[in-house]
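Trainee: Per the working numbering, residue 46 is the first one in the sequence shown, and the count goes up by one each step. Quick one: the structure is below, questions incoming.
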Amino acid sequence: KFTELMLDKTGLLGMIGKAERGPVAIEAIKKHRAVYLMAVGGAAYLVSKAIQSAKVVAFEELGMEAIYEFEVKEMPVTVAVDSLGNSVHQTGPKKWKLEIEQYKKKI
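In structure tokens form, the structure reads like this:
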């Protein structure tokens, strides 16, 4: 909902979340050449271990929804939307559908 505004006004290079991004958010990510990194649900412990330092840079009153600057090392995330707007939520199912079709032909 606020992806365009945040990328436009803050200069963010990337965002981390758990949910799929919709077409409006993907367009904003593409326009601003940013990325969306997806953390696996349930992997909070692993993510927390990867964070070397954290600093709130905006909207501190929002708590976990505030904007943070993180220094991370070996953080377990997947590039879900790249700077060209390619979404793993769109490309992944297409790829696996083809893989399954090819597998069925072998059976």
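Backbone N, C-alpha and C define an ideal beta-carbon position, used for all residues, glycine too. Just so it is clear, the structure is predicted and the values come from calculations on it, not from any experiment.
Residue range of the alpha helix (DSSP H) that M109 falls in?
Mentor: To locate residue 109, count along the sequence shown from 1; it is residue 64. Segment: none, M109 is in no alpha helix (DSSP H) and carries neither H nor E.
Trainee: Let me check understanding here. Comparing Cα to Cα, which of A88, E144, L50 and L129 lies closest to G62?
Mentor: In the sequence shown, residue 62 corresponds to position 17, counting from 1. Residue A88 is the option with its Cα nearest to G62.
Trainee: Starting from the C-beta of Q97, find all residues in its chain whose C-beta is less than 7 angstroms away, skip the five residues before and the five after it, and write them out in chain order.
Mentor: Taking the sequence shown and counting its residues from 1, the one referred to as residue 97 is at position 52. So the qualifying residues of the chain are E116, V117 and K118.
Trainee: If you compare alpha carbons, which of A111, G130, A64 and K76 is closest to K100?
Mentor: Taking the sequence shown and counting its residues from 1, one reaches residue 100 at position 55. That would be A111, whose Cα lies nearest to the Cα of K100.
Trainee: According to the neighbour-count rule (16 or more other Cβ atoms, all chains shown, within 10 Å of its Cβ), is I71 buried or exposed?
Mentor: Against the sequence shown, residue 71 aligns to sequence position 26. Its Cβ being crowded by 16 or more others within 10 Å, I71 is buried.
Trainee: Considering just the uninterrupted stretch of the alpha helix (DSSP H) at I71, what are its terminal residues?
Mentor: Indexing the sequence shown from 1 puts residue 71 at position 26. Looking at the DSSP string, the run of the alpha helix (DSSP H) that includes I71 is P68 to K76.
Trainee: Which one or two residues does DSSP pair with S132 in a beta bridge?
Mentor: By one-based count along the sequence shown, residue 132 stands at place 87. V126.
Trainee: Where A64 and K151 are concerned, what is the direct C-alpha to C-alpha distance, given to the nearest angstrom?
Mentor: Taking the first residue of the sequence shown as position 1, residue 64 is located at position 19. Taking the first residue of the sequence shown as position 1, residue 151 is located at position 106. When rounded, the distance between both Cα atoms is 35 angstroms.
Trainee: With M60 as the anchor, note down where its beta strand (DSSP E) starts and where it stops.
Mentor: The sequence position of residue 60 within the sequence shown is 15, counting from 1. Residues G59 to G62.
Trainee: Drop a sphere of 10 angstroms on the beta-carbon of R78, count the other beta-carbons inside from all chains shown, and report buried for 16 or more, exposed for fewer.
Mentor: Counted from its first residue, the sequence shown places residue 78 at position 33. It is exposed - the Cβ of R78 has fewer than 16 other Cβ atoms within 10 Å.
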